[in-house]
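In the numbering used here, the protein residues as written are 57 to 171. Reading through the structure tokens given below for one structure.
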Amino acid sequence: QVRLVESGGGLVQAGGSLRLSCLASGSFFSIRSMGWHRQAPGTQRESVAVITSGRTANYADSVKDRFTISRDYAKNTVYLQMNNLKPEDTAVYYCNVQLGGVSVWGQGTQVTVSS
Numbered sequence: 057q058v059r060l061v062e063s064g065g066g067l068v069q070a071g072g073s074l075r076l077s078c079l080a081s082g083s084f085f086s087i088r089s090m091g092w093h094r095q096a097p098g099t100q101r102e103s104v105a106v107i108t109s110g111r112t113a114n115y116a117d118s119v120k121d122r123f124t125i126s127r128d129y130a131k132n133t134v135y136l137q138m139n140n141l142k143p144e145d146t147a148v149y150y151c152n153v154q155l156g157g158v159s160v161w162g163q164g165t166q167v168t169v170s171s
């Protein structure tokens, strides 16, 4: 069983920065990819950034050049550095891990950006 623990959300003014962390713990053979998704009220959950086991990172167009995803392979931890935050980035951010066909989600962390 895999457990994801997220941290780092909070309230920040527009133009500010936050760093999210997600630690994967438990019993698993290998992680194929780790990523961050977000869901604002009344909208569908969307992918923000994903990093594969091959270190390839993919970003949503709306966050390119502002967000950076990174991964500590030894610690099974994924980070999301968010710079120049905008009010439209306000959402619950969820960590996601792909384990060879099994998708695991974290509990979510709130990010609120005030104008």
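Glycine is no exception: its CB is placed at the ideal position from the N, C-alpha and C atoms. Just so you know, these numbers come straight off a predicted model, no measurement behind them.
Roughly how many angstroms lie between the CA atoms of residue i and residue j, to the nearest whole one?
i    : j    : result
D66  : Q137 : Correcting the residue identity first, residue 66 is Gly in this sequence and not Asp. Computed Cα separation, rounded: 13 Å.
S77  : R88  : 18 Å
A147 : S83  : 30 Å
A96  : E102 : 9 Å
D117 : S81  : 30 Å
Q154 : S63  : 19 Å
G98  : Y135 : 26 Å
For residue i, which three-state DSSP category applies?
i    : result
D145 : helix
D128 : strand
S118 : coil
I107 : strand
Cutting at 7 Å between CB atoms, please list the residues of its own chain near residue i, excluding the five before and the five after it.
i   : result
A70 : L141, K142, P143, V169, S170, S171
Shortest alpha-carbon distance to residue i belongs to which of the options?
i    : options               : result
G72  : T112, F123, V153      : F123
G110 : Q100, G98, V119, R127 : R127
S58  : Y129, G162, Y115      : With the sequence shown as reference, residue 58 is identified as Val, and Ser is not the correct amino acid for it. Here the closest residue by C-alpha is G162.
K131 : V68, M90, V106, L74   : M90
Within a Cβ cutoff of 6 Å, which residues of the same chain sit near residue i, ignoring the five residues on either side of it in sequence?
i    : result
T165 : E62, G65, Y149
K120 : none
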